[in-house]
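Colleague: Right, I'll just put the structure down here and ask away after.
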Amino acid sequence: MLDSSLVRVSIEELSADAYLGVHHSEQLKPRRIYIDLEFEYERPATDSLAAAIDYRIVRDKILSGLENRRFKLVETLAETILDAVKDDPRATWVSVQVHKLGALRQAKSVAALVEWRRPEVSKR
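Heads up: the sequence shown runs through residues -3 to 120, numbered per this note's numbering.
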């Protein structure tokens, strides 16, 4: 259950092109992937973008983190995205799911899901 002092933001089916796959042929050209992302942070005290985590900046971090990179595993790609998003010190929880379309016959996609929660800071 979501803590009442937090807000959760979702970005669904963010499309990107990435070099992804263990086979040589998969590394010859980028393939379309879809990213589902959720993150939590302290609820903003004001109705101001400066008090929030700007989801456009989050999107740009994700897309720039994929540029000029090659990934063999969808799991590694998901972890790379997670690392870029959790870098914001206001983020308390991040969940990333990456969908690799057409990875298996008879399946729409194969996906990897990774999550992270900021450790609680003990209050003295």
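Each residue gets a CB set at the ideal place from its N, CA and C atoms; glycine is no exception.
Between the stretch 42 to 56 and the stretch 88 to 103, are three or more C-beta pairs nearer than 8 Å?
Modeller: The answer is no - the stretch 88 to 103 does not touch the stretch 42 to 56, with fewer than three Cβ pairs under 8 Å.
Colleague: Candidates Glu38, Leu69 and His19: which alpha carbon is nearest Arg114's?
Modeller: Glu38
Colleague: Could you tell me whether the stretch 12 to 29 touches the stretch 82 to 89, using the rule of 3 or more Cβ pairs below 8 Å?
Modeller: no
Colleague: Buried or exposed: Ala12, going by 16 or more other Cβ atoms within 10 Å of its Cβ?
Modeller: buried
Colleague: Within 10 Å of its beta-carbon, does Ile31 have 16 or more other beta-carbons around it, so buried, or fewer, so exposed?
Modeller: Classification of Ile31: buried, given that the 10 Å Cβ count is 16 or more.
Colleague: Considering only the alpha carbon of each residue, which of Leu2, Thr72, Phe67 and Glu34 lies closest to Glu8?
Modeller: Glu34
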